[in-house]
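Using this note's numbering, the letters of the sequence shown map in sequence onto residues 32 to 285. All C-beta atoms, glycine included, are put in the ideal place defined by N, C-alpha and C. Bear in mind that the values here come from a model prediction, so they are computed numbers and not experimental data. Reviewing the structure listed below.
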Amino acid sequence: MKCFYSVALLLLLSLSATAETIQYEGSSTIGKFISDADKIYPHASFSINVASESQGGELCVINKSCELGGVARAVDSGVLDQGVQAIKVGQDAISVLVNVRNPIRFLSKQQLKDIFTGKVKNWSELGGDDLAIRPYIVKTASATRHVFQDLVMDGEAYSGAKEVSPDRKILASVLHDRGAIGQLSLAFLKGIKRIGVVSIDGQRATSSNPNYPISRPLYLVTGGQPNDKVKAFLSWAQSEEGQSVVRKRFVGLN
Numbered sequence: 032m033k034c035f036y037s038v039a040l041l042l043l044l045s046l047s048a049t050a051e052t053i054q055y056e057g058s059s060t061i062g063k064f065i066s067d068a069d070k071i072y073p074h075a076s077f078s079i080n081v082a083s084e085s086q087g088g089e090l091c092v093i094n095k096s097c098e099l100g101g102v103a104r105a106v107d108s109g110v111l112d113q114g115v116q117a118i119k120v121g122q123d124a125i126s127v128l129v130n131v132r133n134p135i136r137f138l139s140k141q142q143l144k145d146i147f148t149g150k151v152k153n154w155s156e157l158g159g160d161d162l163a164i165r166p167y168i169v170k171t172a173s174a175t176r177h178v179f180q181d182l183v184m185d186g187e188a189y190s191g192a193k194e195v196s197p198d199r200k201i202l203a204s205v206l207h208d209r210g211a212i213g214q215l216s217l218a219f220l221k222g223i224k225r226i227g228v229v230s231i232d233g234q235r236a237t238s239s240n241p242n243y244p245i246s247r248p249l250y251l252v253t254g255g256q257p258n259d260k261v262k263a264f265l266s267w268a269q270s271e272e273g274q275s276v277v278r279k280r281f282v283g284l285n
């Protein structure tokens with residue numbers, strides 16, 4: 032009987048050790064890494080909320096409503112001034128997608144800017160078919176939208192673009208609309224075959240190309256000093272094992 036209770040106690044302790052959960056909120060792009068890590072990281076599981084995107088990742092750690100936030104851009108300086116700590120885990124490429132039946136596979140950043148500011152409205156102006164261009168963009172809360180606007184459009188406003196949410200719906204829009212062009216993190220393209228990925232200024236968006244021109248840093252953030260379970264995960268994320276998971280979708284740290 033004593034042996035039975037000892038075994039039962041060990042089982043309970045084991046279950047308790049594996050039941051720790053880290054609450055993640057923020058970028059859906061980084062959420063893909065968290066989801067991948069959840070499958071193999073042995074010391075905690077994750078609850079994942081990506082509805083609020085990168086802005087929510089900053090706010091949740093400030094408000095203490097999550098333990099770990101994700102920000103797929105430079106962290107706001109005002110946020111850092113409030114004691115938020117940011118750990119870089121990789122670099123993401125914002126891919127430019129077209130329908131697979133669209134022959135266009137190369138564009139310059141200037142041509143891309145002209146499309147999303149509404150100056151170029153037909154694919155024939157870029158050497159393609161006589162077909163109206165229909166740009167799709169992600170929602171305002173998504174860092175993808177703002178990084179693209181800064182790096183490609185020099186801060187100019189979008190014009191004539193249709194907003195979709197959540198980010199992954201860009202894929203469905205481009206898959207079903209022959210005239211479509213969309214912006215989406217490379218993280219969402221794993222396993223996707225029937226989509227056209229456009230090279231920009233001769234550079235292709237891949238997890239092994241740090242020189243792709245529409246790239247942004249990926250940060251995990253905490254509200255001040257992280258607790259022990261989060262600190263352990265952050266160390267793992269920057270370790271070789273963690274970086275091997277990062278490199279499945281993103282450019283790693285080295």
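Inset, instruction - May I ask whether a heavy atom of the ligand ZN can be found less than 8 Å away from the beta carbon of Ser-173? - result: The ligand ZN is absent from the structure shown, which contains no ligand whatsoever.
Legend entry - Limits of the unbroken alpha helix (DSSP H) element including Asp-232: Residue 232 sits at position 201 when you count from the first residue of the sequence shown. No alpha helix (DSSP H) contains Asp-232, which DSSP labels as neither H nor E.
Legend entry - Uninterrupted beta strand (DSSP E) stretches inside the segment 63-96 (no shorter than 3 residues): 76-80
Legend entry - Cβ of Val-115 within 9 Å of any chain D Cβ: In the displayed structure, chain D is absent; only one protein chain is listed.
Inset, instruction - Output the boundary residues of the beta strand (DSSP E) element that contains Glu-56. - result: Within the sequence shown, residue 56 is the residue found at index 25, counting from 1. Run containing Glu-56: 52-57, per the beta strand (DSSP E) assignment.
Inset, instruction - Could you have a look at Ala-188 and say whether DSSP puts it in helix, strand or coil? - result: The residue you call residue 188 lines up with position 157 of the sequence shown. Here Ala-188 sits in coil by DSSP.
Legend entry - Beta bridge counterpart(s) of Asn-242 as assigned by DSSP: The residue labelled residue 242 in the question sits at position 211 within the sequence shown. For Asn-242, which the question treats as bridged, DSSP gives no partner whatsoever.
Legend entry - Per DSSP, cross-strand counterpart(s) of Pro-166: For the purposes of this step, residue 166 is identified with residue 135 of the sequence shown, where counting begins at 1. Pro-166 pairs with Ile-212.
Inset, instruction - Using beta-carbon positions only, say whether Leu-162 and Gly-210 come within less than 9 Å of one another. - result: As a working mapping, residue 162 is identified with position 131 in the sequence shown. As a working mapping, residue 210 is identified with position 179 in the sequence shown. The answer is yes: Cβ separation under 9 Å.
Inset, instruction - Tell me whether the beta-carbon of Gln-116 lies closer than 9 Å to the beta-carbon of Gly-254. - result: The sequence position of residue 116 within the sequence shown is 85, counting from 1. The sequence position of residue 254 within the sequence shown is 223, counting from 1. Result yes, Cβ atoms of Gln-116 and Gly-254 sit closer than 9 Å.
Inset, instruction - Report back the beta-carbon spacing between Leu-202 and Ile-226 to the nearest angstrom; my notes put them in contact at under 8 Å. - result: The sequence position of residue 202 within the sequence shown is 171, counting from 1. The sequence position of residue 226 within the sequence shown is 195, counting from 1. Sure, about 7 Å apart at Cβ, within 8 Å.
Legend entry - Stretch-stretch touch, CB-based, cutoff 8 Å, three pairs: the segment 214-228 with the segment 124-137: yes
Inset, instruction - Using the Cα positions of Lys-95 and Ile-65, report the straight-line distance between them to the nearest angstrom. - result: Position 64 of the sequence shown, counting from 1, holds the residue named residue 95. Position 34 of the sequence shown, counting from 1, holds the residue named residue 65. So the two alpha carbons sit approximately 19 Å from each other.
Legend entry - Reduced DSSP category for Glu-156 - H, G, I as helix; E, B as strand; rest coil: Here residue 156 refers to the residue found at position 125 of the sequence shown. Here Glu-156 sits in helix by DSSP.
Inset, instruction - Check the DSSP bridge columns for Phe-137 and list the partner residues they point to. - result: By 1-based counting over the sequence shown, the position of residue 137 is 106. Ser-230, per the DSSP bridge assignment.
Inset, instruction - Report the residue from Asn-285, Ser-275, Gln-269 and Lys-262 whose alpha carbon sits nearest the alpha carbon of Glu-98. - result: Looking up residue 98 in the sequence shown gives position 67. If we check each option's Cα against that of Glu-98, Lys-262 comes out closest.
Inset, instruction - Please work out which residues of its chain come closer than 8 Å, Cβ to Cβ, to Lys-193, disregarding the five sequence neighbours upstream and downstream, and give them in chain order. - result: On the sequence shown, residue 193 is found 162 positions in, with the first residue counted as 1. Within the same chain, Lys-193 has close Cβ partners Arg-165, Pro-166, Tyr-167, Ile-168 and Ser-204.
Legend entry - Cα-Cα separation between Arg-280 and Gly-62, rounded to whole angstroms: The residue you call residue 280 lines up with position 249 of the sequence shown. The residue you call residue 62 lines up with position 31 of the sequence shown. Distance between the alpha carbons of Arg-280 and Gly-62 is about 11 Å.
Inset, instruction - For Leu-44, I'd like the list of residues in its chain whose CB is within less than 7 Å of its CB, leaving aside the five on either flank, ordered along the chain. - result: Translated into the one-based positions of the sequence shown, residue 44 becomes position 13. Residue placement at Leu-44 is flagged as unreliable, the pLDDT there being 41, under the threshold of 50; the coordinate-derived value follows with that caveat. Closer than 7 Å at Cβ, skipping near neighbours: no residue.
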